[in-house]
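Take a look at the structure below.
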Amino acid sequence: MSFEQIVFYFFSAILLLSALAVITVRNPVHAALFLVLAFFTTAALWLLLEAEFLAITLVLVYVGAVMVLFLFVVMMLDINTSTLKERLGSYLPVGGLVAVLAIAVMAAAVGRDHFGLEQYAAPERLAADASNTRMIGEQLYTVYLYPFELAAVILLVAIIAAIALTLRTRPGSRYQNIDKQVKVKRDERLRVVKMDSEERK
Amino acid sequence: MFDSIQDISLYIVLAPLIGAIIAGLFGGQIGRVGAHTVAILGVAISFVLSALVFKWMVFDGMEPQNFSVYTWLVSEGIRFEIGFLIDELTAMMMVVVTFVSLMVHIYTVGYMSHDEENWPAGSKAGTNSYQRFFSYLSLFTFSMLMLVMANNFLQLFFGWEAVGLVSYLLIGFWSSRESAVFANMKAFLVNRVGDFGFLLGIAAVLMYFGTLDYASVFNAVEHHKDMTITIWPGSEWNIITVIGILLFIGAMGKSAQVPLHVWLPDSMEGPTPISALIHAATMVTAGIFMVARMSPVYELSEVALSFVLVIGAITALFMGLLGLVQHDIKRVVAYSTLSQLGYMTVALGVSAYAAGVFHLMTHAFFKALLFLAAGSVIIAMHHKQDMREMGGLRKYMPITWLTSLIGSLALIGAPGFSGFFSKDSIIEAVGHSTIPGAGFAYFAVLAGVFITALYSFRMYFLVFHGKERMDEHTRSHLHESPRVVTVPLILLAIPSVFIGWAYVGDMVFGDFFINAITVLPEHDVLSEVGFTSAFGMLLHGFVTAPFWLALAGVGVAYYLYMVRTDLPAKIVQLPVIKTLYAILQRNYGFDAFNNLVFGRGSRGLGTGLWKGGDTMLIDGLLVNGTARLVGWFSSVLRRVQSGYLYHYAFAMIIGLLVLFGLFVVA
Amino acid sequence: MNFEMPNFALAMPEMFVLGMACLILLVDLFLNERSRVVTYLLSQATLVGAFILTLSLYTPVRELTFSGTFVLDPMASVLKMAVYAVVFVMFLYTRSYLQARQMFTGEFYTLALFGVLGMMVMISAHSFLTLYLGLELLSLSMYAMVALQRDNRVASEAAMKYFLLGAMASAMLLYGMSMLYGVTGSLDLGEISRAIDEGEIERMLLVFGLVFMLVGVAFKLGAVPFHMWVPDVYHGAPTAVTQFISTAPKIAAFALLIRLLVDGLGGLQSEWHDILVLLAILSISVGNIIAIAQTNIKRMLAYSGIAHAGFLILGVLSGTAEGYAAGMFYVIVYAVMGLAGFGMVLLMSRAGFEADSLEDYKGLNQRNPWFALMVLFIMFSMAGVPPFIGFWAKLAVLQAVVASGLIWLAVLAVIFSVIGAFYYLRVIKLMYFDAPADEARIEPGRELAAVFSGNALVILAMGLFPGALMAICIQAFAL
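Spelled out as structure tokens, the structure:
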């Protein structure tokens, strides 16, 4: 077993275990942290594939930004974990059986018999000075221009959707209107009332 | 725009349709004047263009035009199209239809001007009835044009049903009257019987010829003349005969031939302009037109021709007899229409299609005239129709009187009038025919001449001459009808006199219809008759039996209803005549028979099937049983839709696994 | 590297819609409640403009650009125009509904337009990548639209279900695509088709990917057993949104089916044929049977939609150009009928009252005979009664099925549509033979009444003259 293989299996094993942990641990904060671990190991696997740019982006974007946000949300929500797990027992036998079947079928399909090195030769190594970033950039802005732009539109829609669904002005809430406050005139604040004097009784 | 016959044909058809749509849908907005203006305008356009087409066709020698306008759909290689076939026959029909229709449109302005009086106060159906009437009239014109201009059976059937529908709507136009509703229902049901045969005929054409196009069918008819069909085991029928008879059953319904004639007298419940347009001049002649159009088919089957001949002869004679005993002025004209339709059918039966169609044309003019004149009388009499309360109207209504006289003379075939040329041609043709049944038919048409003259002049004398039998109130209000009524009468009187002179030579004995009508040499009775000019025929006319029979009829009528007015009542009391009279009064018992056998019988059958078949077997066992099963199944399956997200997701996974199991693993 | 400059002109409609959607997003910021109608008008103008552009780009040939990720062929042009037309009518229908429920906002229109863009991308896709991105763009817009009424618990629940199940379906689709990418080495539909035709790839792997992808597509079409979201979402979403998601996206889903199965995996026809037969039978039978048990008209229409999806699949599975044309005819007709079906619910609703119970249709004839007649047209058409257009759609599909030799399947489909006729006719029975439970006057706006009547009359008119649309559909697959 070469060194590369040892590294691969090491990270793969951690990836699978942490992914499993994400959906099994009781504490949501722990789950989120396991997800971070899964991303890290995935990044490591990409490095092995010489996809440095993707690996670093994954760490920066997902671990650095997305997961932090995730943790914030999870910490703010008070999720009662015990009720969630209550009915797991009754579904486990059927669910487990289905899961096992699905795994069996998929393993048979994507296993070594069909995707082994005999069928698909390993990709050639890149030259030492090959720039991963440059290659991706070139492809993105030429051949994949159209899908790339579409992905951008999807993000735009996601932003619109997020704002439309969360931004709300409550009908009863009070807030200052600075504009109005500054422009206010004397007459609007003060009313001089003239009235006849009344006699004391 | 006006240079191609294709475009013009479309305008001819669409102009009345557009008029009908505007008058019908926007009648409330555009008011009475607006409605009759658009309707009359539409029909007038149609008439002018039809006349133009007629001129091209007849005087400028244009070739017959056969073209399709729109392919509705194509199924299994059979094309369902809308298309027009314009030849001499079509051109003539177009002119007749649009001219009579135009006259009737104008006449209606006067006839229906007080229509609100015909409705109960506050009736919802009575609002805008005037506009609706014009809409129906124009719609009828459109349908009739579609019928005559069709170049395929589908469109023919469309027109056929559409005129039937409009006829139904118009007979029952005064829907607040029970008798009108009864009459239109009767017309519709009786026509259904005929249409069923017609539809079967078309189906047979489609089955054996594989096309609905006239031209293709006529071209192929030669190859099919010896094919047979087994209708029930052991009886082989020639398919041409079967098709001919089935199509003619349709014609019997529409053209009111015995025994499907029962609806026509009752249809007089409709307003008089309708009786003139639909139930005298145009729609009822659709059957005659159709058989003439199908002449290449009928020529190949002597059996079918014989069938047509005998039915026509029966209708001509026996329906005329009924005209003698009617008191309602419109009913007399109605029975005379039946009898004349019988003449036309007889002409078709002896292969004298040209004579039949010619009689169709002259009849359209003089019968429309008679109806409209009757309508004029009815207006003057404040919608009383009983002739026993009339008499002596000549003084009060000179124009109506004169035009009625012209119409009656044309109807009885007085030499020189249009009816003479057409009817005598038919009688002569029957006399020369050797087809089975021709002997009986010859007797029937000859006897018919006498009877026609008798009832026509009975009506004429009763209405216009003799004692004034109406009540004082009516008499004091008697006056000639307004201009919108009398002008159409005069315009219709002109062709009633002259059209025979002008066209008998070409149409009947010449080669006017050479492109449109096929006659085998061995059937060609008209060339055996062999007149060459209208004048020769006229001279000959004075020495033939029909002339003397007609004269005798008029004489008898004069004697009975002018000289010895007490005699008719006495004759009716004679023993044999009394029975006969009773039979005639009951219309030979057709109505009673139909009511008893078909009416009661089908109600009994319906009740039986409803109680036994439907309620018990189908509803109880099959429908409700199946429904209960499906309902049970449905309520079980519905539970799967639990609303839980993980159930849904689980179902998807199961679905995926099943697909794997079925398609990947296996 | 050699790179061919794309022919941007072919994607003019897409660019136009995108530009306009962004513009509307900006313009809407500066509008207040009263001038919001500008947003509406601009959205309608966008659709009209896109229609004109697409029409002017129509070519009878097949053109590829953007390095083979974009295709313009007659089918694409026709389907896109159908989408614009359907969404245009949907906007007409829903304006008053939205106004009455404080949903007449810029978001609704921009999201709908982005959804339209997603559909256009799917319709014109010639690569797994563009297919998937178009689908996601559409789906994302739809998820958001369902949830647009934030304070409506049912709608929020529906949106949640839709989103999660949709994500699952997308994942499966993506997994299937990655499988096929793995074995063929390309994302381009043409390349994949060529690789399959060479016959060196193991069938089992291809079918493995195919099954995953079909699950994703079946979900979008709402075919059984991937249909569970349909009734809940149709029911929960505001009726205006339901009208949107039940019509135009079906047209796009049809394009997805054709692009994937015919353009890409045409070589696997014998395999996907069997899967589609199964999906079609299940959809037609389950959809029609469960619809009978519904008391809510939106749920009933949802199940009816599932059954219609089955018919649509029937057209495609025959694997012939006639069959595809029949399927296309069916999907366009279904969109027109769906518009009318939910339009009927919109028409009967008023502020604070959703006419979504079957009870609400009782005695409609006495309350408003004209609308009752129009509803009758719609129900007859959906049930497949001649002369309405729904009849011709079913006939065309069944003809294609019979022509491919599957007479038993056609018979089965007819039996279940007869069963299905029950629940359509029940609506008619309620309208004409029952006494009204609600005497309130039906007072839809003039615009809504006119659109509804027009829609129903179009169903009749198309039924009387089905030739034109059929010719267009046949033309689209004549290549």
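Residue numbers (my numbering), protein chains in the order written: chain A, 1403 to 1603; chain B, 69 to 734; chain C, 6 to 484.
We treat Cβ as the ideally placed atom computed from N, Cα and C, and that holds for glycine.
- The Cβ-Cβ distance between Ala16 (chain C) and Phe75 (chain C) falls below 8 Å.
- Ser595 (chain B) sits in a helix when the DSSP states are folded into three classes.
- With a cutoff of 8 Å on beta-carbon distance, Ile558 (chain B) and Ile446 (chain B) are scored as not near each other.
- Contact of Arg200 (chain B) with chain C is not assigned, every C-beta pair being separated by 8 Å or more.
- When rounded, the separation of the alpha-carbon atoms in Phe316 (chain C) and Arg41 (chain C) is 40 Å.
- Between the segment 192-202 of chain B and the segment 70-80 of chain B there are fewer than three inter-stretch CB-CB distances shorter than 8 Å, so the stretches are not counted as touching.
- In the displayed model, Thr683 (chain B) falls within a helix according to three-state DSSP.
- A residue is called buried when at least 16 other Cβ atoms come within 10 angstroms of its Cβ; Ala172 (chain C) does not meet this threshold and is exposed.
- For Ala1453 (chain A), the nearest beta carbon of chain C is not closer than 8 Å to its own beta carbon.
- In the structure shown, the three-state DSSP call for Ile582 (chain B) is coil.
- Nearest Cα to Ala442 (chain C) within the set C:Arg372, C:Leu47 and C:Thr247: C:Arg372.
- Between Leu153 (chain C) and Val246 (chain C) a beta carbon distance of about 7 Å is seen, short of the 8 Å cut, so the two are scored as contacting.
- In the displayed model, Thr298 (chain B) falls within a strand according to three-state DSSP.
- The C-beta distance from Val165 (chain B) to Val216 (chain B) rounds to 7 Å, short enough to meet the 8 Å contact threshold.
- Close to chain B, meaning a Cβ-Cβ distance shorter than 9 Å, are the following residues of the segment 236-250 of chain C: Pro236 and Asp237.
- Annotated three-state conformation of Val390 (chain C) is coil, per DSSP.
- Taking a C-beta distance under 8 Å as the contact criterion, Trp228 (chain B) and Phe264 (chain B) do not qualify as a contact pair.
- By alpha-carbon distance to Leu594 (chain B), the top candidate from B:Phe256, B:Leu689 and B:Thr502 is B:Thr502.
- Short of 8 Å from the beta carbon of His450 (chain B), and not among the five residues preceding or following it, lie these beta carbons of its own chain, in chain order: Thr542 and His545.
- For Thr1444 (chain A), the closest C-alpha among the options A:Ala1421, A:Ser1533 and A:Ile1425 is that of A:Ala1421.
- Residues of chain A with a Cβ closer than 9 Å to the Cβ of Leu725 (chain B) are, in chain order, Val1500, Leu1503, Ala1504 and Val1507.
- His1516 (chain A) has a beta carbon lying within less than 8 Å of a beta carbon in chain C.
- Residues are counted here when their Cβ sits less than 9 Å from a Cβ of chain B; for the segment 185-213 of chain C these are Met209, Val212 and Phe213, given in chain order.
- Beta-bridge partners assigned by DSSP to Ile154 (chain B): B:Gln133.
- Cβ-Cβ distances below 7 Å link Glu276 (chain C) to Val212 and Leu215 in the same chain, with the five nearest sequence neighbours on each side left out; the list follows chain order.
- Proximity of Ala312 (chain C) to chain A, defined by a Cβ-Cβ separation below 8 Å, is not satisfied.
- Around Gln480 (chain C), the same chain offers Pro79 as residues with beta carbons nearer than 7 Å, after the five sequence neighbours per side are excluded.
- For Glu367 (chain B), there is no enclosing alpha helix (DSSP H), since its DSSP letter is neither H nor E.
- Within the DSSP secondary-structure output, Asn220 (chain B) pairs in a beta bridge with B:Asp281.
- In terms of CA proximity to Phe133 (chain C), C:Ala260 leads the group C:Phe35, C:Ala260 and C:Leu118.
- Collapsing the DSSP output to three states places Thr110 (chain C) in coil.
- Listed in chain order, the positions of the segment 255-268 of chain C with a beta carbon within less than 8 Å of a beta carbon of chain B would be empty, since no residue qualifies.
- For Asp579 (chain B), the number of other beta carbons within 10 angstroms of its own is below 16, and it is reported as exposed.
- Contacts with chain B at 8 Å (Cβ-Cβ) include Glu276 (chain C).
- Residue pairing of Asn655 (chain B) in beta bridges, as defined by DSSP: absent, with no partner found.
- At a beta-carbon threshold of 9 Å, none of the residues of chain C lie near Ile150 (chain B); the nearest stands roughly 11 Å away.
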